[in-house]
Amino acid sequence: MPSVQLPPELVADVLDTFVLSSPSHAARIPNLASFAVVSRKWHAAATPLLYRNLYLDSRRRGKILDALEGNEALLPVVRELSLSGGGLSGTEHEPDAEYARLKRVLTQCGNVQRLSYHCFDASTLLDLTWFVSDTWPTLRYLRADQSAHLFDLLGRLPALETLIASSIEVPAQGGSVTPRPPPSPPSAPSRSPSPGSTRTSTPGPPTRPTFRLKRLDSGSSPRPSDFQLLTSSSASTLRSLDLPLSSLTSQDLSSFTSLERLTLTLAERYLPLPVPGPGPGPGQPATTRNDARLVRRLRHTLDRVSASGAPLRVLEVHEPHYAATAPIAAGALFPEEEEEEDGRAGAGFLDAVPRCVERLELQTLEALEARDIARAFASASERRARSGCCDGLRQLVLARKVALQDGAGEMRRVLEKRGVEVVWE
Numbered sequence: 001m002p003s004v005q006l007p008p009e010l011v012a013d014v015l016d017t018f019v020l021s022s023p024s025h026a027a028r029i030p031n032l033a034s035f036a037v038v039s040r041k042w043h044a045a046a047t048p049l050l051y052r053n054l055y056l057d058s059r060r061r062g063k064i065l066d067a068l069e070g071n072e073a074l075l076p077v078v079r080e081l082s083l084s085g086g087g088l089s090g091t092e093h094e095p096d097a098e099y100a101r102l103k104r105v106l107t108q109c110g111n112v113q114r115l116s117y118h119c120f121d122a123s124t125l126l127d128l129t130w131f132v133s134d135t136w137p138t139l140r141y142l143r144a145d146q147s148a149h150l151f152d153l154l155g156r157l158p159a160l161e162t163l164i165a166s167s168i169e170v171p172a173q174g175g176s177v178t179p180r181p182p183p184s185p186p187s188a189p190s191r192s193p194s195p196g197s198t199r200t201s202t203p204g205p206p207t208r209p210t211f212r213l214k215r216l217d218s219g220s221s222p223r224p225s226d227f228q229l230l231t232s233s234s235a236s237t238l239r240s241l242d243l244p245l246s247s248l249t250s251q252d253l254s255s256f257t258s259l260e261r262l263t264l265t266l267a268e269r270y271l272p273l274p275v276p277g278p279g280p281g282p283g284q285p286a287t288t289r290n291d292a293r294l295v296r297r298l299r300h301t302l303d304r305v306s307a308s309g310a311p312l313r314v315l316e317v318h319e320p321h322y323a324a325t326a327p328i329a330a331g332a333l334f335p336e337e338e339e340e341e342d343g344r345a346g347a348g349f350l351d352a353v354p355r356c357v358e359r360l361e362l363q364t365l366e367a368l369e370a371r372d373i374a375r376a377f378a379s380a381s382e383r384r385a386r387s388g389c390c391d392g393l394r395q396l397v398l399a400r401k402v403a404l405q406d407g408a409g410e411m412r413r414v415l416e417k418r419g420v421e422v423v424w425e
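Under UniProt numbering, the first residue of the sequence shown carries the number 1, and numbering increases by one thereafter.
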C-alpha cells in the first residue's frame, strides 16, 4: 500500500499547532529536531521553527553560531533570542573573541523582535546595550536581568511593548547619561562601540523613554518619580503591570486607564524586621518593616486604580518568599480592629478592591488562613452596599494548604453566598 504524502502546507500547519501548544521552549526543541529528520518536507517545515527561538548559553552557543554561519537562509528566520553571557570574558577594550563572533553573527539576524539577556560581565554591558539598540531598534519584547545601562537602552527602543526587568536604575537628575559612542570603522560588521572608543558622560536629565508599553514587570521597587518617568508614555496603553509596594514608597496609578491585570508585589517582605530599641532619629527615614503601613499603601494604590476607571479584571497580591524574614501577618492584611485612619475594619484591603475585579489571586500570602478569609468577606458583606467591596468578584485563588485548615468549611459557605468560586493552586 503506497504511503500517504501530506502536502507541505499541511505539514507546516501541524508543526505550527505543535509549537503553539507546547508548554515551553525547552520541551519542544527536541521534538522539532526529531521532526526535521522525518523527510525533506518535514525538514523544510521544521527547520525555520527550530531556529525561530534560540537560547545561546555557554553549552549551545558554539553549535548554534556554526549553524547560522553555515546557512545564511536561517538568519532571517530568527525572531526570539535569549542570550547568556556565561563563558564569555575579556574587557571593554579587549573583547573576548567569542563575544565578538556572537555580535558578528547576530548582526545579520535582522528580524529579531524578542530579546532576553543575563549573566554578562559588567565590562561588556555598555557595549551590549548599544549593540542591541543599533541592531534591533524595533524590539517589542525585552527581558533584562541586569540593570547596568538598562535605562539608557530603554530610551533607544521606541517600539517596545513588553518590559520585564529585575531592577531598573534611573540616572539621577543632572547625573551621567550614556551618549551615543563614535561609529565603528566601515569594515566592522557591528555598529556597536569599537574597542578603545571613548565614552564620556554628559550631565543632564535622564532620557525619557517614548515606548508605549502593554506589559511592565518593573522589578525591585522604584521611586515614584522614577516610575512615572519610566511609564509616562504608556499611561493609556499599559494593560498588565507588576508593581512592588512597600511602606517606604507609594505609587499613583490613576492615570493608567487601560489596566486589565495588576500584580502588587509586597516588597515589604524584603525589609528587615524591627528590633527592640530606639527607632530612627529625627529626620531619619524608617528602614524596617511596617506591615500596617504597607496595607495602607496597598489600599491607597487600589483606591487610585478605582478612580482611574481602568477595566481591571485580574488582581494579584503577591508576597515573595524570602527566608530571611517572617511572612506578612494576616492580622495586618485583615485587621480585626477598626483602624482610625480610614475607618475600614475587618476586610482589610478587600474594601479597596475595585468593583470591576473578577479574579483575585492570594495564593502566595504565606500567613493567610481560611478563618481570616471567612471573617474578612463576612465583614465586607455587611458594608457591601456602601463600599461595593469585591462586587464583581467571581474567582478567589488560594493556596491548596488553606483547604485543610480549620475554618475552611465556613470560608466556603461565606464565599458561596457571595457567588465566589475558589480556585486552588
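In this text, a Cβ means the ideal position worked out from N, Cα and C, and glycines have one as well.
- Each residue's CA atom was taken as its position, placing Val77 and Arg52 some 6 Å apart.
- Boundaries of the beta strand (DSSP E) around Val314: 314-318.
- Looking from the CA of Ala376, the closest CA among Thr138, Ala159, Leu350, Leu248 belongs to Leu350.
- For Tyr141, the three-state secondary structure derived from DSSP is strand.
- For Val314, the CB contacts under 6 Å within the same chain, skipping 5 residues up- and downstream, are Arg261, Arg359 in chain order.
- Under the DSSP assignment, Tyr55 falls outside any alpha helix (DSSP H), being part of the beta strand (DSSP E) whose first and last residues are 53-56.
- The C-alpha of Leu238 lies about 6 Å from the C-alpha of Leu259.
- Within the same chain, Cβ atoms closer than 8 Å to the Cβ of Arg418 are found at Phe377, Ser381, Cys390, Leu393, the five residues on either side in sequence being excluded.
- The Cβ atoms of Ser166 and Gly86 lie no closer than 8 Å to each other.
- When Cβ pairs closer than 8 Å are counted between the two stretches, the region 324-336 is seen to touch the region 359-375, the count reaching three or more.
- Secondary structure note for Tyr117: its beta strand (DSSP E) is the uninterrupted segment 114-118.
- Taking 8 Å as the cut-off, the Cβ atoms of Leu312 and Pro354 count as close.
- Between the alpha carbons of Ala408 and Thr364 lies a distance of about 17 Å.
- A distance below 8 Å between beta-carbons, with the five flanking residues on each side excluded, links Arg140 to the following residues of its chain, in chain order: Gln113, Arg114, Ala159, Leu160, Glu161, Thr162.
- For Trp424, DSSP records a beta bridge to Leu398.
- Beta-bridge analysis with DSSP links Ile64 to no other residue.
- Separation of the CB atoms of Ser133 and Leu150 is rounded to 11 Å, and the pair is thereby denied contact status at 8 Å.
- Around the beta carbon of Arg156, a 10 Å sphere encloses 16 or more other beta carbons of the protein chains shown; the residue is thus reported as buried.
- In this structure, Gln251 is the residue among Pro327, Gln251, Ala97, Gln395 with its C-alpha nearest to the C-alpha of Ser232.
- Between Asp242 and Thr210, the alpha-carbon positions lie close to 20 Å from each other.
- Rounded to whole angstroms, the Cβ separation of Thr265 and Ser236 is 24 Å, and the two are not in contact under 8 Å.
- Ranked by how close their Cα comes to the Cα of Val317, the residues Asp57, Ala399, Leu248 have Ala399 in first place.
- The distance from the Cβ of Arg143 to that of Ile168 is about 12 Å, inconsistent with a contact at the 8 Å cut-off.
- Secondary structure of Ile168 (DSSP, three-state): coil.
- Around the beta carbon of Gly70, a 10 Å sphere encloses fewer than 16 other beta carbons of the protein chains shown; the residue is thus reported as exposed.
- A Cβ-Cβ distance of about 6 Å is found for the pair Leu396 and Leu415, placing them in contact under the 8 Å criterion.
- Judged by DSSP secondary structure, Arg215 falls outside any alpha helix (DSSP H) and instead within the beta strand (DSSP E) spanning 215-217.
- Residue environment analysis places Thr288 among the exposed positions, since fewer than 16 neighbouring C-beta atoms fall within 10 angstroms of its C-beta.
- Collapsing the DSSP output to three states places Pro311 in coil.
- Closest by C-alpha distance to Leu54, out of Leu81, Leu75, Ala67, Leu65, is Leu81.
- A residue is called buried when at least 16 other Cβ atoms come within 10 angstroms of its Cβ; Ala324 does not meet this threshold and is exposed.
- The beta carbons of Val105 and Leu65 sit closer together than 8 Å.
- Of Lys103, Phe227, Leu248, the smallest CA-CA separation from Phe131 is found for Lys103.
- Note that the C-beta distance between Val295 and Gly348 is below 8 Å.
- With respect to Ser308, Leu271 sits apart: the two C-beta atoms are not nearer than 8 Å.
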